[in-house]
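Below is one structure, written out as structure tokens; the observations come after it.
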Ligand SMILES: [Zn+2]
């Protein structure tokens, strides 16, 4: 693999764990649901659940360009 920006072949890989951001609409929905007793039973487990996904990045050691693999 070579860098798309500078064409260099000095590439290092790094794997990071990213947490997915909660959307504004989701928060509004949570608040709305939390107003009801039944909603609370749905919201609490959702809040406690950690949403993370692992992403591997390739980093060019020559120019610093970073992209997802
Ligand atoms: Zn590069």
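In this note's numbering, the protein residues as written are 7 to 75.
We put the beta carbon where it would ideally sit given N, CA and C, even for glycine.
Residue closest to residue i, alpha-carbon to alpha-carbon, out of the options
{"i": "residue 61", "options": "13, 24, 12 and 11", "result": "24"}
Reduced DSSP category for residue i - H, G, I as helix; E, B as strand; rest coil
{"i": "residue 42", "result": "coil"}
{"i": "residue 65", "result": "strand"}
{"i": "residue 34", "result": "helix"}
{"i": "residue 83", "result": "Coverage of the chain is limited to positions 7 through 75, which leaves residue 83 absent and any answer about it impossible."}
Inter-residue CB distance, residue i and residue j (contact presumed, cutoff 8 Å)
{"i": "residue 69", "j": "residue 30", "result": "Wrong, their Cβ atoms sit about 35 Å apart, outside the cutoff."}
{"i": "residue 64", "j": "residue 19", "result": "6 Å"}
{"i": "residue 40", "j": "residue 46", "result": "6 Å"}
Paired residues, beta bridge with residue i - DSSP
{"i": "residue 21", "result": "62"}
{"i": "residue 74", "result": "63"}
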